[in-house]
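Asker: Please see the structure below; I have some questions.
If you want it as structure tokens, here you go:
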């Protein structure tokens with residue numbers, strides 16, 4: 042797929058992995074729609090890259106529809122990158138008793154249902170595209186986590202939500218094959234994002250040291266380069282790619 046001149050939606054595009062992706066795709070000539078709840082930051086990034094911003098709660102149908110409508114108004118919608126997400130931490134049974142059920146539900150609602158909401162709405166629009174020379178009508182990329190495979194203590198809700206994204210990757214790709222739409226997932230390891238930068242510095246340093254090679258935090262640019270490759274390589278479909286420097290998370 043040629044990125045130049047195509048339209049791409051990036052959820053969570055106001056910061057972190059999403060911002061890095063939005064900036065890289067824009068640099069390659071893509072038209073970017075940033076969907077995020079951070080209005081001030083999202084609008085600033087959109088202005089900086091010549092894109093558009095739509096305030097969006099990805100778990101809400103009307104918000105997702107508004108994002109897709111904006112993207113279609115700008116040209117041929119060919120890509121969606123789901124980066125919006127939250128990372129709550131709470132033990133199944135902790136000092137204050139049982140895990141709060143609303144917190145678990147919120148993680149699943151934002152991370153899993155939100156990703157599927159945007160996938161289904163974007164795919165519906167993409168299915169109406171005239172096919173590219175490759176037969177493609179669009180590409181969908183979601184963000185899971187290595188926690189989907191080796192979630193740590195306190196990550197039951199987060200790991201469950203990301204495991205759901207892993208689990209739906211192949212069936213969605215199979216559903217959309219007849220439409221010429223590919224579906225992929227990236228499972229990042231320890232990345233330098235606003236979520237991680239909220240942790241104490243010694244925790245950040247310990248996490249970076251635990252990555253076998255390269256022994257550093259991943260960057261939004263690392264993630265964005267893989268996004269670009271997935272868009273451009275039409276044999277990548279129905280798979281989850283771990284982007285993690287070979288790390289396997291310890292229990293804590």
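Numbering (the working numbering), first residue to last: 42 to 293.
Glycine is no exception: its CB is placed at the ideal position from the N, C-alpha and C atoms.
None of the values given here were measured: they were computed from a predicted structure.
1) With burial defined as no fewer than 16 other Cβ atoms inside 10 Å of the residue's Cβ, what is the status of residue 254: buried or exposed?
2) Going residue by residue through the region 121-173, where are the continuous alpha helix (DSSP H) segments of at least 4 residues, counting only ones entirely within it?
3) Taking only the alpha-carbon atoms, compute the straight-line gap between residue 140 and residue 185 and give it to the nearest angstrom.
4) Verify whether the separation of the beta carbon atoms of residue 283 and residue 190 is less than 9 Å.
5) Count the other CB atoms within 10 Å of the CB of residue 217; is the residue buried (16 or more) or exposed (fewer)?
6) By how many angstroms is the C-alpha of residue 257 removed from the C-alpha of residue 226?
7) Is the beta carbon of residue 23 sitting closer than 9 Å to the one on residue 288?
8) For a test of the three-state rule: what should DSSP assign to residue 292, helix, strand or coil?
9) Applying the criterion that 16 or more other CB atoms from any shown protein chain within 10 Å of the CB defines a buried residue, is residue 223 buried or exposed?
10) Please give the ranges of any alpha helix (DSSP H) in the region 201-273, keeping only runs that are unbroken, at least 4 residues long and fully inside the region.
11) Give a yes or no on whether the C-beta atoms belonging to residue 92 and residue 73 are separated by under 9 Å.
12) Give every residue of the same chain whose Cβ lies closer than 7 Å to the Cβ of residue 86, excluding the five residues on either side of it in the sequence, and list them in chain order.
13) In this structure, what does DSSP give as the bridge partners for residue 118?
14) Go through its chain and collect everything with a Cβ distance to residue 195's Cβ below 7 Å, but skip five positions before and after it.
15) Would you grab the beta carbon distance between residue 125 and residue 99 for me? Rounded to a whole angstrom, and I think it's under 8 Å.
16) Quick one, which of 65, 58, 241 has its alpha-carbon nearest residue 44's?
17) Based on DSSP bridge pairs, tell me the residues matched to residue 283.
18) What would DSSP say about residue 182, mapped onto helix, strand or coil?
19) Hey, residue 121 and residue 238: beta-carbon distance below 9 Å or not?
Answerer: In short:
1) exposed
2) 142-148, 155-167
3) 22 Å
4) yes
5) buried
6) 22 Å
7) Since the displayed the chain opens at 42 and closes at 293, residue 23 lies outside it and no answer follows.
8) coil
9) buried
10) 235-238, 242-250, 261-273
11) yes
12) 54, 55, 60, 63, 75
13) 48
14) 130, 131, 132
15) 5 Å
16) 65
17) 228
18) strand
19) no
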